[in-house]
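Read the structure below first, then the notes.
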Amino acid sequence: MVERRPLLTALSHVVLILGVLVVAFPLYLTFVASTHTVSEIVQAPMPLLPGTHMVENYTAAWNGTGGGNGSKAPVGQMMMVSLVTALIIALGKIAISLLSAFAIVYFRFPFRMFFFWAIFITLMLPVEVRILPTYKVVSDLGMLNSYAGLTVPLIASATATFLFRQFFLTVPEELVEAARMDGAGPMRFFKDVLVPLSTTSIAALFVIQFIYGWNQYLWPLLVTTNENMYPVVIGIKRMISGGDAQTEWSVVMATALLAMIPPALVVMLMQKWFVKGLVDTEK
Amino acid sequence: MASITLKNVVKRYGAGKTANQVIHGVNASIADGEFIVIVGPSGCGKSTLLRMVAGLEEVSEGEVSIGNRIVNDLEPSERDIAMVFQNYALYPHMSVFENMAYGLKIAKVPLDEIKTRVDKAAKILELGPYLLRKPRELSGGQRQRVAMGRAIVRQPQVFLFDEPLSNLDAKLRAHTRLEIQKLHRELGITSLFVTHDQVEAMTLAQRMIVMNAGVMEQFGTPEEVYTRPASTFVASFIGSPPMNLLKNAPDAKPGTITGIRPEHLDITPTGWALRVDALEMLGAERLVYGRWLHGDGDELVIIRTDEAQAVPALGATIHVTPRADRLHGFDAATGKRL
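Going line by line, the protein sequences match chains A and B. Per my numbering, the first sequence runs over residues 362 to 644. Per my numbering, the second sequence runs over residues 2 to 339.
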């Protein structure tokens, strides 16, 4: 809709600016808090301008040398755990969903619809619902405090399977037939035609699933007890000591800001792909 | 190069009592290097027949052989054929070169030979400057040529065309028709071409198969099909305007249908009396729609006249005489030629 009315333009800008402020203010506050000492932060009106302790707070967060009684795992290592976890979850989800959607759309096998519905129904069962049995299984398999334990239970994805299925259904039948004519077997067709055509969906899913994996909280909280295996989100939680003990808020805030960087980077870098895919792809 | 033989080919979907039979026993033998057009109205089974030859549909009964080899159970890629699809079915993410080379790459043809073959095909089809482009950067006609190029580079025994011209505009279609003819002359590869357009069928075919409701109505040269249609269906499907089919022509035996093409009726001082209902000026010729009034119901008779001839007045009564040697007789019950 293109309308040239100054009042409308002004109004939409006001709404957008307000929206940005609402979203950005907490982020700004986090940043400000990460540049002061703890005693400055806890004062009644919290300072709203950046302070002078930025370097030491971030160094403390990175090296895990912050004071306080909470966890002191270094951020660098926790971010590594988060990164590996998020990558395994995102890539694993994409791989498995691509293959299962491929099977469901292109192969006629007994109980095809049964499997489709079985996958579809799991959409309604998030991790939280099946958390106790899943924990039991993972712990019996000795996967606590391991990457396998952090990622495997989260990899199967009905949503992504469904998304790829819908996409595959829009790929023209003639393309499949042309590939058969060219002598491409099923996996060859999958690799040479379907996957390249799905790049857009894959990029979109990667962004969504990476952030999903990065932000996992409840599950890692259960399966990691060892500081070496804390993802950064859990790390932040563990840094906040309960009770009367003093929390190093400045270091917590610095950690939080550092933890935000990778997902933000993924969104910003993949956005380009996103748009490229949307503009270029033609079925 | 190879001949194609269809022996009592049947296609049905489903099984048992609910089975839906769409092809009712087609027999045809196509010689090496022939250009055969399969023509018929929508839903007559012509594409299904082609797809059975291609191996994209299973043959329910009968035998399809290509070059003395029964191919019923062979995969499409093993049949030594190439197909041009209606929507071209180019791989959107591959360049023109990759599209044409894909089949060869899978067949593990050496890279320099792939290059030679693609370059040669690109030269024939004047695609040289576009080899590095993606299909979406090409016009409809160019995409069509890429689809043909993909077929050519495989150097198959048989070309299959599934309505490849129906997405082109009229001018380009006429042009491409000529190109396909030329290509066939140069390469001499046995071709099966499916279309619903009778002009395409008449102009391209060396012999044509006219299909109706899953039955092969006639298999013959365009001349035969036009001058000696095997049934009332063929008579009315081929030719525009269609042949006049008269149930109550004078001096016709009862239970027969008399056919006469519009151009074989001459306006004469005496003869069949018609009332002029409508006139259509087509340029070089004029169509006169006459209504023939006789006892039980009236019949429409179309006459094709030269534009130089006198124009009859609307509503006037004119007399026409058929050329006796151009009359066709059909059985009214079966529609077959007598």
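We put the CB at the ideal spot given by N, CA and C, even for glycine.
List the residues of chain B whose Cβ lies closer than 9 angstroms to the Cβ of residue i, in chain order.
i	result
alanine 545 of chain A	Ser78, Tyr103, Gly104, Ile107
methionine 548 of chain A	Within 9 angstroms Cβ-Cβ: nothing; methionine 548 of chain A doesn't reach chain B, min ~12 angstroms.
Nearest to residue i by CA position, among the options, is which residue?
i	options	result
glutamine 22 of chain B	B/Ser30, B/Ile239, B/Ser61	B/Ser61
methionine 415 of chain A	A/Trp610, A/Gln632, A/Met631	A/Trp610
alanine 314 of chain B	B/Gly150, B/Lys337, B/Ala279	B/Ala279
alanine 253 of chain B	B/Ala325, B/Thr196, B/Gln207, B/Glu218	B/Ala325
aspartate 81 of chain B	B/Gln145, B/Ala152, B/Gly44	B/Ala152
glutamate 300 of chain B	B/Ala311, B/Leu133, B/Asn249	B/Asn249
alanine 231 of chain B	B/Pro242, B/Gly215, B/Ile210, B/Trp293	B/Ile210
isoleucine 492 of chain A	A/Thr370, A/Ile597, A/Phe468, A/Val584	A/Val584
valine 195 of chain B	B/Lys116, B/Gly44, B/Gly26, B/Gln143	B/Gly44
phenylalanine 528 of chain A	A/Val513, A/Pro557, A/Thr512	A/Pro557
alanine 355 of chain B	B/Val147, B/Pro165, B/Ala108	Because chain B spans 2 through 339 in this model, residue 355 of chain B falls outside it and cannot be assessed.
aspartate 307 of chain B	B/His176, B/Val277, B/Ile268	B/Ile268
threonine 6 of chain B	B/Ala55, B/Ala20, B/Thr19	B/Ala55
methionine 590 of chain A	A/Gln404, A/Met439, A/Thr560	A/Met439
methionine 53 of chain B	B/Arg287, B/Leu193, B/Leu169, B/Pro111	B/Leu193
leucine 57 of chain B	A/Phe477, A/Glu588, A/Asp543	A/Asp543
leucine 246 of chain B	B/Thr233, B/Gly256, B/Pro255	B/Thr233
tyrosine 14 of chain B	B/Leu288, B/Val289, B/Gly215, B/Gly336	B/Gly215
isoleucine 465 of chain A	A/Leu388, A/Pro387, A/Arg526, A/Val384	A/Arg526
leucine 524 of chain A	A/Leu409, A/Ala456, A/Arg366, A/His374	A/Ala456
alanine 108 of chain B	A/Pro487, A/Asp501, A/Val554, A/Gly546	A/Gly546
threonine 586 of chain A	A/Ala385, A/Asn506, A/Thr396	A/Asn506
methionine 504 of chain A	A/Pro581, A/Ala405, A/Ile569	A/Pro581
If the cut is a Cβ gap below 8 angstroms, which residues of chain A does residue i touch?
i	result
phenylalanine 86 of chain B	Glu535, Glu538, Ala539
alanine 83 of chain B	Met542
proline 270 of chain B	Near proline 270 of chain B there are no residues of chain A at all, since even the closest Cβ is about 59 angstroms away, more than 8 angstroms.
alanine 90 of chain B	Pro533, Glu535, Leu536, Glu538, Ala539
Please tell me whether residue i and residue j are closer than 8 angstroms, where the distance is taken between their beta carbons.
i	j	result
leucine 275 of chain B	glycine 291 of chain B	yes
valine 10 of chain B	isoleucine 24 of chain B	yes
tyrosine 508 of chain A	isoleucine 449 of chain A	yes
asparagine 28 of chain B	lysine 47 of chain B	no
aspartate 163 of chain B	phenylalanine 220 of chain B	no
isoleucine 304 of chain B	threonine 191 of chain B	no
tryptophan 447 of chain A	tryptophan 575 of chain A	This sequence places alanine at residue 447 of chain A; tryptophan is not what is there. It is a contact, given that the beta carbons lie within the stated cut-off.
methionine 95 of chain B	tyrosine 89 of chain B	no
proline 323 of chain B	leucine 283 of chain B	no
asparagine 73 of chain B	glutamate 64 of chain B	yes
threonine 512 of chain A	glycine 453 of chain A	yes
phenylalanine 331 of chain B	isoleucine 258 of chain B	yes
isoleucine 71 of chain B	alanine 3 of chain B	no
alanine 519 of chain A	leucine 566 of chain A	no
alanine 394 of chain A	methionine 614 of chain A	yes
methionine 631 of chain A	alanine 564 of chain A	yes
valine 499 of chain A	proline 514 of chain A	yes
glutamine 182 of chain B	leucine 205 of chain B	yes
glycine 34 of chain B	glycine 189 of chain B	yes
Against residue i, what residues of chain A qualify as contacts under a CB-to-CB distance less than 9 angstroms, listed in chain order?
i	result
leucine 57 of chain B	Glu538, Arg541, Met542
What distance in whole Å lies between the Cβ atoms of residue j and residue i, which are believed to be in contact at a cut-off of 8 angstroms?
i	j	result
valine 593 of chain A	threonine 608 of chain A	About 17 angstroms; that fails the 8 angstroms criterion.
glutamate 489 of chain A	leucine 390 of chain A	Not confirmed; about 30 angstroms, so no contact.
leucine 339 of chain B	leucine 161 of chain B	No, leucine 339 of chain B and leucine 161 of chain B are not in contact; Cβ-Cβ is about 36 angstroms, not under 8 angstroms.
proline 136 of chain B	leucine 184 of chain B	That pair is no contact at about 20 angstroms.
valine 154 of chain B	leucine 105 of chain B	6 angstroms
valine 627 of chain A	phenylalanine 571 of chain A	5 angstroms
glycine 41 of chain B	methionine 212 of chain B	4 angstroms
asparagine 424 of chain A	valine 612 of chain A	That belief does not hold up - the Cβ atoms of asparagine 424 of chain A and valine 612 of chain A are roughly 10 angstroms apart, past 8 angstroms.
glutamate 201 of chain B	arginine 186 of chain B	With a Cβ gap of about 17 angstroms, glutamate 201 of chain B and arginine 186 of chain B do not count as contacting.
alanine 422 of chain A	valine 436 of chain A	5 angstroms
histidine 329 of chain B	threonine 271 of chain B	Actually they are not in contact, since the Cβ atoms of histidine 329 of chain B and threonine 271 of chain B sit about 23 angstroms apart, beyond 8 angstroms.
arginine 262 of chain B	arginine 327 of chain B	7 angstroms
Chain B partners of residue i, CB-CB under 7 angstroms?
i	result
proline 557 of chain A	His94
valine 384 of chain A	Ordered by position in chain B, no residue passes the 7 angstroms Cβ test against valine 384 of chain A, which lies about 37 angstroms from the chain.
Given 7 angstroms as the limit, tell me if residue i has its C-beta closer than that to any heavy atom belonging to the ligand MG.
i	result
proline 623 of chain A	The model depicted lacks the ligand MG and carries no ligand whatsoever.
Going along the stretch 612-634 of chain A in order, which residues come within less than 9 angstroms of chain B, judged by CB to CB distance?
Within the stretch 612-634 of chain A, no residue has a Cβ that lies closer than 9 angstroms to any Cβ of chain B.
Closer than 7 angstroms, Cβ to Cβ, to anything on chain C: give me those residues from the stretch 553-587 of chain A, in chain order.
Given the protein chain composition of this structure (A and B), no chain C is represented.
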